[in-house]
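Position 186 (the sequence shown) corresponds to 185 in numbering that gives the first Met the number 0; numbering is contiguous.
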Amino acid sequence: MESTDIQTTRVVQTFESCEGGRIYQIPLEVFPGFWAFSYLVLVEDPKLGKFCVLIDAGSGYGKSNQHLEKGFKEASQLIGTQVDLADLSHIFITHGHIDHFGGLMYVRPKTSALLGVHELDRRVLINYEERLTLVSNRLDEFLIEAGISPHQRKLILDLYSITKGLVRSMPIDFTYEAIGMRLGPFEFKHVPGHCAGHVVIRLHDVLFSGDHVLEGISPHQAPERLTLSTGLDHYLNSLEVLRPWAKEVRLTLPGHKTHISDLQVRLNEIQDLHHSRLDQVLEILKEPGTIADISDRLFGEVQGYNILLALEEAGAHVEYLYQRGFLKIANLEQMKYGKGGVAIHYQKI
Ligand SMILES: [Zn+2]
Ligand SMILES: [Zn+2]
0 MESTDIQTTR VVQTFESCEG GRIYQIPLEV FPGFWAFSYL VLVEDPKLGK FCVLIDAGSG
60 YGKSNQHLEK GFKEASQLIG TQVDLADLSH IFITHGHIDH FGGLMYVRPK TSALLGVHEL
120 DRRVLINYEE RLTLVSNRLD EFLIEAGISP HQRKLILDLY SITKGLVRSM PIDFTYEAIG
180 MRLGPFEFKH VPGHCAGHVV IRLHDVLFSG DHVLEGISPH QAPERLTLST GLDHYLNSLE
240 VLRPWAKEVR LTLPGHKTHI SDLQVRLNEI QDLHHSRLDQ VLEILKEPGT IADISDRLFG
300 EVQGYNILLA LEEAGAHVEY LYQRGFLKIA NLEQMKYGKG GVAIHYQKI
């Protein structure tokens, strides 16, 4: 956790693409003590036209909207002319997680900018309430099988619903595949894994990586059984999908943390981390254990929402190994007669 001093002095940072695209990185406190970036991007292309784009919109929670407005003011000073939400031509959402799109509730009434999202996260935005219910139910089942007590399960599900209950469904204007994964000078690449409809966005020699690639932390993984097109298998494939661009881009601007100057190195590091975590899980499961046991061994004692994040991360690795036949269920007899309410004990084959 960083000190309040650092948090209050966070300022807009400026970057430029090789062909003169101007980028303003706006820091937002999306949840207490948890920061993310929105990006204001200005491009004037003689052939393709003029673009004033917002990439991601923060959470809409706490100070997030306030920080977005403050960021626009600071960016306006740096630009030398006033730029408001009303001036936006487009809003691109990198992926359907609340810390990246929750702020749309605040932003959209203030602008007629066209809103884009990938096909596989479209339903998250346009049918949010349904998704919330569906995932809560799947999460409950996952937590039972992971070996979580009824009391703790309720606490975790309540936490999940509280943060997510702040957003409502909203219409969108376009999806990336429908427009050929390109809009003016911007190119999109679908990188499912961390989120089903995650895209990275390229402008000239700059890449906006959302949460697909982060510096200093491996992007969160959850088992695919909770949401199709997520999970470690998709994620590891999507790291490879990014290799051709990784050779070409000079600068990677992420959704959190700090920018990445060597994307190829970072892709290697994240791949290595997951492979060594898979080895660790296999080592732990020489003796039978639940996903909760594995989470404890991998991450130690965690609090609040991090309990869920740690369980999902452990679950994603177990799912990957189980699907490939490296694990078996050690308490199959108990499961046969337990009618679904039984914690699964996995074991290395
Ligand atoms: Zn995310
Ligand atoms: Zn995020």
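Cβ atoms here follow ideal geometry from the backbone N, Cα and C, with glycine treated the same way.
| message | Whole angstroms are fine: how far does the CA of Lys-62 sit from the CA of Gly-70? | response | Walking along the sequence shown from the start, residue 70 turns up at place 71. Walking along the sequence shown from the start, residue 62 turns up at place 63. Going by the C-alpha atoms only, they are around 12 Å apart.
| According to DSSP, is Glu-118 helix, strand or coil? | The residue given as residue 118 occupies position 119 in the sequence shown. In the three-state reduction of the DSSP assignment, Glu-118 falls in the helix class.
| Nearest to Ser-228 by CA position, among Tyr-234, Leu-206, Ala-195, is which residue? | Counting from one through the sequence shown, the residue named residue 228 turns up at place 229. Of the listed residues, the one whose Cα sits closest to Ser-228 is Ala-195.
| Cβ-heavy atom distance, His-189 to ligand 1, below 7 Å | Walking along the sequence shown from the start, residue 189 turns up at place 190. No.
| field | Nearest neighbour of Val-248, chosen from Phe-207, Arg-122, Val-280, Pro-218 [CA to CA] | value | By one-based count along the sequence shown, residue 248 stands at place 249. Considering only alpha carbons, the answer is Phe-207.
| What's the call for Cys-51, buried or exposed, on a 16-neighbour Cβ count within 10 Å? | Position 52 of the sequence shown, counted from the start, is the residue given in the question as residue 51. A buried status is given to Cys-51, since no fewer than 16 other beta-carbon atoms sit within 10 Å of its beta-carbon.
| query | Can we say the segment 103-117 touches the segment 72-80, given the rule of at least three CB pairs closer than 8 Å? | reply | In this structure the segment 103-117 does not touch the segment 72-80; the number of beta carbon pairs closer than 8 Å is below three.
| By the 10 Å Cβ neighbour count, where 16 or more other Cβ atoms means buried, how is Pro-31 classified, buried or exposed? | The count along the sequence shown starts at 1 and reaches residue 31 at position 32. Taking every protein chain shown into account, the CB of Pro-31 has fewer than 16 other CB atoms within 10 angstroms, so this residue is exposed.
| message | Pull the bridge partners of Gly-61 from the DSSP assignment, please. | response | Here residue 61 refers to the residue found at position 62 of the sequence shown. DSSP, once it has assigned bridges, lists no residue as partnering Gly-61.
| Shortest alpha-carbon distance to Ile-125 belongs to which of Pro-170, Val-42, Lys-335, Ser-237? | Against the sequence shown, residue 125 aligns to sequence position 126. For the residues Pro-170, Val-42, Lys-335, Ser-237, the minimum Cα distance to Ile-125 belongs to Pro-170.
| Extent of the continuous beta strand (DSSP E) run through Asp-232 | Working through the sequence shown from its first residue, we reach residue 232 at position 233. Not the beta strand (DSSP E): Asp-232 falls in the alpha helix (DSSP H), residues 231-240.
| field | Simplified DSSP state of Thr-3, which is helix, strand or coil | value | Position 4 of the sequence shown, counted from the first residue, corresponds to residue 3. Note that Thr-3 scores a pLDDT of 42, beneath 50, so its modelled location is shaky and nothing firm can be said.
| Helix, strand or coil for Phe-100 per DSSP? | Reading the sequence shown from its first residue, position 101 is the one you call residue 100. In the three-state scheme derived from DSSP, where H, G and I count as helix and E and B as strand, Phe-100 is classed as helix.
| field | Asn-64 to Pro-26 span [Cα, whole Å] | value | Position 65 of the sequence shown holds residue 64. Position 27 of the sequence shown holds residue 26. Here the alpha carbons of Pro-26 and Asn-64 stand approximately 11 Å from one another.
| query | So Lys-153 is in the alpha helix (DSSP H); what residue range does that whole segment cover? | reply | In the sequence shown, counting from the first residue as 1, residue 153 sits at position 154. For Lys-153, the uninterrupted alpha helix (DSSP H) segment begins and ends at 149-163.
| task | Check whether the Cβ atoms of Asp-210 and His-273 lie closer than 8 Å to each other. | result | Along the sequence shown, read from residue 1 onward, the residue named residue 210 stands at position 211. Along the sequence shown, read from residue 1 onward, the residue named residue 273 stands at position 274. By the CB criterion at 8 Å, Asp-210 and His-273 fall outside the cutoff.
| request: Return yes when the C-beta of His-99 is under 7 Å from any heavy atom of ligand 1, and no when it is not. | output: In the sequence shown, residue 99 corresponds to position 100, counting from 1. Answer for His-99: yes, Cβ within range of ligand 1.
| query | Smallest Cα separation from Gly-192: which of Lys-49, Leu-250, Gln-220? | reply | Translated into positions along the sequence shown, residue 192 becomes position 193. The residue with the shortest Cα to Cα distance from Gly-192 is Gln-220.
| query | Taking Cβ to Cβ, would you say Leu-142 is nearer than 8 Å to Ile-161? | reply | In the sequence shown, residue 142 corresponds to position 143, counting from 1. In the sequence shown, residue 161 corresponds to position 162, counting from 1. Contact flag unset, no.
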